[in-house]
DNA sequence: GTATTTAATGGACAAGCGTCCATTAGCAAC
DNA sequence: GTTGCTAATGGACGCTTGTCCATTAAATAC
């Protein structure tokens with residue numbers, strides 16, 4: 001019998017075999033996101049990426065056609081992971097609009113989506129988006145999907161209880177979204193002082209102020 | 001009599017004479033901010049900056065000691081301009097806490113501070129701050145000063161009317177700040193659709209929801 | 001086994017980067 | 001004028017960047 005470790009995906013991160021195009025592709029994307037989070041997007045070079053992925057120089061050109069396209073693919077992947085997590089959480093939320101909104105808030109501020117690596121990558125991508133169409137595309141898609149979910153839920157609430165002078169669904173979406181983005185920024189500038197519970201509770205207070213009778217605190 | 005234009009600071013941007021260290025310094029800072037806003041911080045190189053400032057290669061090293069220090073100086077200058085505008089507006093606001101808070105909100109979202117160039121520069125700086133201590137310093141200083149002003153005003157309000165279950169001054173500051181940051185992000189992603197009035201009004205509604213009896217809408 | 005296919009390698013390359021400094025030139029003092 | 005000071009110039013430098021491709025080697029088909 002032979003040794004059974006070493007060559008069989010033992011660590012979960014290593015590629016399956018020496019020839020594994022799909023694995024190499026993903027390894028490059030992961031290494032890109034790691035590098036951006038660790039040393040910043042300005043210092044993220046082809047060399048720093050392939051060093052971290054433990055692959056050879058030519059792989060980026062081979063699998064993505066260039067550094068720029070790798071960055072776009074990494075942004076796309078990041079956005080997909082974000083949205084997958086959100087949808088997973090929404091499946092357990094049921095159909096109640098309030099529950100949906102609070103599930104979005106809780107998930108967006110939860111440790112799976114809002115953590116050091118993720119927040120740094122998000123921030124870096126947003127910072128360069130304006131001069132990088134490939135990245136811009138995916139981060140604005142992510143925003144629009146999130147806003148879409150919120151707006152649909154808020155529309156239900158405003159329709160049910162048409163409470164005269166209150167906020168429109170559009171404004172409520174706008175405000176909630178801004179608060180969430182602000183929380184991410186805050187998290188980055190003070191990770192130790194940040195409290196997820198407090199952030200969720202604050203948004204909930206904002207919502208219950210805007211929609212009296214709804215979003216009651218525990 | 002001689003011609004009186006052409007060589008006497010006529011355009012306000014040109015340097016006063018061919019030898020003007022202070023003017024050159026400022027021209028480099030302005031060119032840096034312009035370049036960042038136009039082509040992004042990633043593509044902002046020594047060459048692109050000196051081309052825009054219409055100065056020679058050596059000037060960056062001469063006046064700032066290197067590109068990195070020029071960037072830090074540009075961040076510092078940006079922050080100073082922001083804060084000067086804010087203080088100017090606060091002088092007219094009087095001593096009333098509500099008026100101070102609303103003046104901060106209106107100024108932060110006004111065209112002098114929130115415009116295309118300014119927002120793009122701000123975004124770019126924040127995106128690289130984590131791997132660039134010189135920039136990080138000034139953008140966090142700016143944040144802290146703004147939060148300080150808000151918190152002091154909110155403390156007055158919470159002290160006067162100690163309305164039991166309401167928001168603490170810290171939370172109100174947190175929420176207002178997050179909303180403002182969110183508005184800037186929103187402005188960047190949809191400049192045409194953005195309405196300053198709506199943004200101000202939304203924050204005011206948030207505040208009047210949190211502090212019933214205060215921040216009454218017009 | 002051999003042939004075929006293609007993932008992966010890593011060095012060569014030109015272009016571009018930021019830094020530096022010997023030189024030039026503008027202004028003030030005399 | 002001449003001198004002294006220093007702002008300003010712009011080319012040379014070494015280094016790093018991203019791209020590309022001839023070569024190697026792993027897996028599959030026969």
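Protein chains in written order, with UniProt numbering: chain A, 1 to 218; chain B, 1 to 218. Note that beta-carbon positions come from the ideal geometry of N, C-alpha and C, so glycine has one too.
So is residue 18 (chain A) buried or exposed if we call it buried at 16+ other beta carbons inside 10 Å? Within the first chain, the letter at position 18 stands for residue 18 (chain A). Counting Cβ neighbours within 10 Å, residue 18 (chain A) comes out exposed, since fewer than 16 surround it.
Residue 174 (chain A) beta carbon less than 8 angstroms from that of residue 186 (chain A): Within the first chain, numbered from 1, the residue matching residue 186 (chain A) stands at position 186. Within the first chain, numbered from 1, the residue matching residue 174 (chain A) stands at position 174. Contact flag unset, no.
Just list the alpha helix (DSSP H) runs in the UniProt DNA-binding region "H-T-H motif" (45–64) of chain A, keeping only unbroken ones of 4 residues or longer that don't cross its boundaries, in chain order. 46–53, 58–64
Could you check which residue in B:183, B:148, B:177 has the C-alpha nearest to that of residue 171 (chain A)? Start at 1 with the first residue of the first chain, and residue 171 (chain A) comes out as number 171. Nearest option by C-alpha distance: B:183.
Under 8 angstroms Cβ-Cβ, which residues of chain A neighbour residue 39 (chain B)? Taking the second chain and counting its residues from 1, one reaches residue 39 (chain B) at position 39. Near residue 39 (chain B) (Cβ distances below 8 angstroms), the residues of chain A are 131.
Rounded separation between residue 128 (chain B) and residue 207 (chain B) - CA only: Against the second chain, residue 128 (chain B) aligns to sequence position 128. Against the second chain, residue 207 (chain B) aligns to sequence position 207. Residue 128 (chain B) and residue 207 (chain B): Cα-Cα distance of roughly 32 angstroms.
Using 8 angstroms as the limit for Cβ to Cβ distance, is residue 1 (chain B) near chain A? Your numbering for residue 1 (chain B) matches position 1 in the second chain. Confidence in residue 1 (chain B) is poor, its pLDDT being 38 and thus under 50, which makes the residue's placement too unreliable to answer from.
So with CB distances below 7 angstroms, who are the chain A contacts of residue 126 (chain B)? For this step, residue 126 (chain B) is matched to residue 126 along the second chain. The answer, in chain order, is 123, 127.
Please classify residue 91 (chain A): does DSSP put it in a helix, a strand, or coil? The sequence position of residue 91 (chain A) within the first chain is 91, counting from 1. Correct three-state label for residue 91 (chain A): helix.
Check residue 168 (chain A) in the structure and name its three-state DSSP category. The count along the first chain starts at 1 and reaches residue 168 (chain A) at position 168. Of the three classes helix, strand and coil, the one that applies to residue 168 (chain A) here is coil, per DSSP.
Any Cβ of chain B within less than 8 angstroms of the Cβ of residue 178 (chain A)? Residue 178 (chain A) sits at position 178 when you count from the first residue of the first chain. Interface criterion met: the Cβ of residue 178 (chain A) is under 8 angstroms from a Cβ in chain B.
As a quick exercise: from A:24, A:97, A:218, pick the residue whose alpha carbon is nearest that of residue 58 (chain A). Counted from its first residue, the first chain places residue 58 (chain A) at position 58. Residue 58 (chain A) has its Cα closest to that of A:24, out of A:24, A:97, A:218.
According to DSSP, simplified to helix, strand and coil, what is residue 217 (chain A)? Numbered from 1 along the first chain, position 217 holds the residue referred to as residue 217 (chain A). Residue 217 (chain A) falls in the coil class under three-state DSSP.
First through last residue of the alpha helix (DSSP H) which encompasses residue 41 (chain B): Numbered from its first residue, the second chain carries residue 41 (chain B) at position 41. No alpha helix (DSSP H) contains residue 41 (chain B), which DSSP labels as neither H nor E.
Presumed contact (8 angstroms Cβ cut-off) between residue 86 (chain B) and residue 55 (chain B), rounded CB distance: On the second chain, residue 86 (chain B) is found 86 positions in, with the first residue counted as 1. On the second chain, residue 55 (chain B) is found 55 positions in, with the first residue counted as 1. With a Cβ gap of about 31 angstroms, residue 86 (chain B) and residue 55 (chain B) do not count as contacting.
Between the CA atoms of residue 143 (chain A) and residue 84 (chain A) - distance to the nearest angstrom: The sequence position of residue 84 (chain A) within the first chain is 84, counting from 1. The sequence position of residue 143 (chain A) within the first chain is 143, counting from 1. One C-alpha to the other measures close to 14 angstroms.
Grouping DSSP H, G and I as helix and E and B as strand, with all else coil, what is residue 179 (chain B)? Translated into the one-based positions of the second chain, residue 179 (chain B) becomes position 179. Looking at residue 179 (chain B) - three-state DSSP - the assignment turns out to be helix.
Going along chain B, which residues have a C-beta under 9 angstroms from residue 210 (chain A)? Counted from its first residue, the first chain places residue 210 (chain A) at position 210. Chain B residues near residue 210 (chain A): 205, 206, 209.
Run down chain A in chain order and give the residues with a C-beta less than 7 angstroms from the C-beta of residue 202 (chain B). By one-based count along the second chain, residue 202 (chain B) stands at place 202. Simply 171, 174, 175.
Whose CA, out of A:78, A:60, A:140, A:68, lies closest to the CA of residue 22 (chain A)? For the purposes of this step, residue 22 (chain A) is taken as residue 22 along the first chain, with counting starting at 1. When each option's Cα is compared against that of residue 22 (chain A), the closest is A:60.
So, does the CB of residue 226 (chain A) fall closer than 8 angstroms to a CB anywhere in chain B? Since the displayed chain A opens at 1 and closes at 218, residue 226 (chain A) lies outside it and no answer follows.
Under the assumption that residue 53 (chain B) contacts residue 74 (chain B) (Cβ atoms under 8 angstroms), give the Cβ distance between them as a whole number of angstroms. Position 53 of the second chain, counted from the start, is the residue given in the question as residue 53 (chain B). Position 74 of the second chain, counted from the start, is the residue given in the question as residue 74 (chain B). 12 angstroms between Cβ atoms; not a contact.
Suppose contacts are defined by Cβ-Cβ distances below 8 angstroms. Is residue 140 (chain B) in contact with residue 43 (chain A) by that definition? Within the second chain, the letter at position 140 stands for residue 140 (chain B). Within the first chain, the letter at position 43 stands for residue 43 (chain A). In this structure, residue 43 (chain A) does not lie closer than 8 angstroms to residue 140 (chain B) by Cβ.
Can you pull the chain A residues whose beta carbon is under 7 angstroms from the beta carbon of residue 167 (chain B), in chain order? The residue given as residue 167 (chain B) occupies position 167 in the second chain. Near residue 167 (chain B) (Cβ distances below 7 angstroms), the residues of chain A are 205.
From which residue to which residue does the alpha helix (DSSP H) around residue 209 (chain A) run? Mapped onto the first chain, residue 209 (chain A) falls at position 209. Run containing residue 209 (chain A): 196–210, per the alpha helix (DSSP H) assignment.
Residue 97 (chain B) and residue 153 (chain B): beta carbons closer than 8 angstroms? As a working mapping, residue 97 (chain B) is identified with position 97 in the second chain. As a working mapping, residue 153 (chain B) is identified with position 153 in the second chain. Cβ distance < 8 angstroms, so residue 97 (chain B) and residue 153 (chain B) count as in contact.
Name, please, each residue of chain B whose Cβ falls closer than 7 angstroms to the Cβ of residue 120 (chain A). Translated into positions along the first chain, residue 120 (chain A) becomes position 120. Within chain B, the residues near residue 120 (chain A) are 130.
Going straight from the alpha carbon of residue 5 (chain A) to that of residue 20 (chain A), what length do you get? Taking the first chain and counting its residues from 1, one reaches residue 5 (chain A) at position 5. Taking the first chain and counting its residues from 1, one reaches residue 20 (chain A) at position 20. Note that residue 5 (chain A) has pLDDT 33, beneath the 50 cutoff, so the model's placement of it is unreliable and the number below is only indicative. Taking the straight line from one Cα to the other gives about 18 angstroms.
Please return the same chain residues whose Cβ sits closer than 8 angstroms to the Cβ of residue 177 (chain A), not counting the five positions on each side in sequence. As a first step, residue 177 (chain A) must be located in the first chain, where it is residue number 177. Closer than 8 angstroms at Cβ, skipping near neighbours: 143, 146, 147, 150.
Could you spell out where the alpha helix (DSSP H) holding residue 156 (chain A) opens and where it closes? Along the first chain, one-based indexing puts residue 156 (chain A) at 156. Unbroken alpha helix (DSSP H) run through residue 156 (chain A): 133–160.
Could you give the C-beta distance for residue 26 (chain A) and residue 102 (chain A), rounded to a whole number, given that I count them as a contact under 8 angstroms? Working through the first chain from its first residue, we reach residue 26 (chain A) at position 26. Working through the first chain from its first residue, we reach residue 102 (chain A) at position 102. Not confirmed; about 33 angstroms, so no contact.
Nearest to residue 105 (chain B) (by Cα), restricted to the options B:201, B:217, B:210, B:209: Sequence index remark: in the second chain, residue 105 (chain B) carries index 105 (1-based). Among B:201, B:217, B:210, B:209, the Cα nearest to that of residue 105 (chain B) belongs to B:201.
Any idea if residue 126 (chain A) is buried or exposed, counting beta-carbon neighbours within 10 angstroms, 16 or more meaning buried? The count along the first chain starts at 1 and reaches residue 126 (chain A) at position 126. Per the 10 Å Cβ criterion, buried.
Hey, residue 71 (chain A) and residue 134 (chain A) are a contact pair by Cβ (cut 8 angstroms); roughly how many whole angstroms apart? Along the first chain, read from residue 1 onward, the residue named residue 71 (chain A) stands at position 71. Along the first chain, read from residue 1 onward, the residue named residue 134 (chain A) stands at position 134. Rounded to the nearest angstrom, the Cβ distance from residue 71 (chain A) to residue 134 (chain A) is 7 angstroms, consistent with a contact under 8 angstroms.
Suppose the cutoff is 7 angstroms on Cβ atoms and the five residues either side in sequence are ignored; what does the same chain contact list for residue 156 (chain A) look like? Within the first chain, residue 156 (chain A) is the residue found at index 156, counting from 1. Result list for residue 156 (chain A): 97, in chain order.
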